[in-house]
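One structure is given below, encoded as structure tokens.
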Amino acid sequence: MSMRGFVHDRLKASHEHHIEAVEEITNRYERDIEVKVVSANQLTHDGVEATDMIFSAGGDGTFLKTASFVNTPIPVAGLNTDPKRSEGNLCCYKVDNVTHRFSTALDRLLEGDFKWRLRQRIRVGMVNQDGYWYELPRYALNEVFIAESDASRPSHYNIGIDQHQRESHRSSGILMCTGTGSSAWYSSAVSPILCAYRPANVIQTTNRFCSAHLPTVPNLP
6 MSMRGFVHDR
16 LKASHEHHIE
26 AVEEITNRYE
36 RDIEVKVVSA
46 NQLTHDGVEA
56 TDMIFSAGGD
66 GTFLKTASFV
76 NTPIPVAGLN
86 TDPKRSEGNL
96 CCYKVDNVTH
106 RFSTALDRLL
116 EGDFKWRLRQ
126 RIRVGMVNQD
136 GYWYELPRYA
146 LNEVFIAESD
156 ASRPSHYNIG
166 IDQHQRESHR
176 SSGILMCTGT
186 GSSAWYSSAV
196 SPILCAYRPA
206 NVIQTTNRFC
216 SAHLPTVPNL
226 P
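Residue 41 in my numbering sits at position 36 of the sequence shown, with consecutive numbering throughout.
Pasting the structure below:
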């Protein structure tokens, strides 16, 4: 592992913090709440459908993977189990067993002392060679990337929005993101261009190309 650039002591410490946090989480369900602990590799669509709420214990990667299995309005809460080493931007609570204990978050949840944060996702459909349209089973919380399976080959595609005229392009691929994903891969790719837009320009462009009717606000920068 050391030869591949991994720091053994850091990985071990991170693993131990995660195990301690998971124990803290599971030991706090003492309020007649039915709980089932499932590893990220064992998640299935059917397994999440029969739940009232899902807690993902880990970091942003665990949260993204968990959310990809949820296609119904089941709330998903991310718990950062190693806040010293993980940013956990998508996680709503840190569990370090010292200043941030899961019992506090659970009490607030049961008392209704919280606000929901709604996030948009991208739904992707495809048309096969027989002309049959089908929807992919997972929704994207961050982004969708469409390109050749061989990264060295450029993509040739014909793209259009609604009923507007389609255009042919050639590039490395197409990257589409949600608001959540705008601070991830998309930010590294086009952040300087996107941030230069004024909110008024964004509204005007959306109305023009997406047949939307967003209201314009006077004196909006």
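Where is the CB? At the ideal position from N, CA and C, for every residue including glycine. From a predicted model like this one, the values you see are computed outputs, not experimental measurements.
For residue j and residue i, the rounded distance between their alpha carbons
i: T67; j: A45; result: 7 Å
i: L199; j: T31; result: Note on L199: pLDDT 45, under 50, position unreliable in the model; no value is reported.
i: H50; j: V75; result: 7 Å
i: Y162; j: D57; result: 42 Å
i: R122; j: T211; result: 23 Å
i: S165; j: R171; result: The sequence shown places Gly at residue 165, rather than the Ser named in the question. Distance between the alpha carbons of G165 and R171: 4 Å.
i: H23; j: G130; result: 36 Å
i: F150; j: M181; result: 6 Å
i: R113; j: K99; result: 14 Å
i: Q47; j: K41; result: 12 Å
i: E54; j: E140; result: 18 Å
i: S192; j: S157; result: 23 Å
Of the residues the options, the one placed nearest residue i, counting alpha carbons only
i: G93; options: W121, S154, F150 and A62; result: A62
i: D101; options: D57, N133 and E28; result: E28
i: I179; options: A194, P142, Q47 and E25; result: A194
i: H20; options: P88, F60, K41 and Q47; result: P88
i: I38; options: R171, L115 and K70; result: L115
i: K120; options: K41, A110, V129 and R171; result: A110
i: F60; options: S91, I166 and C96; result: C96
i: S160; options: S173, R143 and P80; result: S173
i: V81; options: K70, G184 and Q170; result: K70
i: T183; options: G117, H22, T77 and E148; result: E148
i: A72; options: A145, I151, T211 and T221; result: A145
i: S176; options: I24, V40, S108 and A152; result: A152
i: A18; options: S91, D65 and V43; result: S91
i: G64; options: Y139, G83, V42 and I79; result: G83
i: G186; options: F107, Q125 and Q47; result: Q125
i: A205; options: D118, V40, D155 and T221; result: T221
i: H105; options: G117, D118 and N85; result: N85
i: F107; options: G52, D14 and A26; result: A26
Residue i: first and last residue of the uninterrupted beta strand (DSSP E) it sits in
i: E153; result: From DSSP, E153 is part of no beta strand (DSSP E); its letter is neither H nor E.
i: H161; result: S160 to I164
i: E92; result: Careful: E92 lies outside any beta strand (DSSP E) and carries neither H nor E.
i: Y137; result: It is not in any beta strand (DSSP E) - Y137 carries neither H nor E in the DSSP assignment.
The alpha helix (DSSP H) enclosing residue i, as first and last residue numbers
i: S61; result: Note, S61: premise wrong, no alpha helix (DSSP H); beta strand (DSSP E) at I59 to G63.
Coil, strand or helix - residue i by DSSP
i: I79; result: coil
i: R113; result: helix
i: L123; result: coil
i: I179; result: strand
i: E21; result: helix
i: Y191; result: helix
i: G130; result: strand
i: S157; result: coil
i: S173; result: strand
i: N85; result: strand
To test your reading of the DSSP string, which unbroken beta strand (DSSP E) runs of 3 or more residues are found completely within the region 31-56? none
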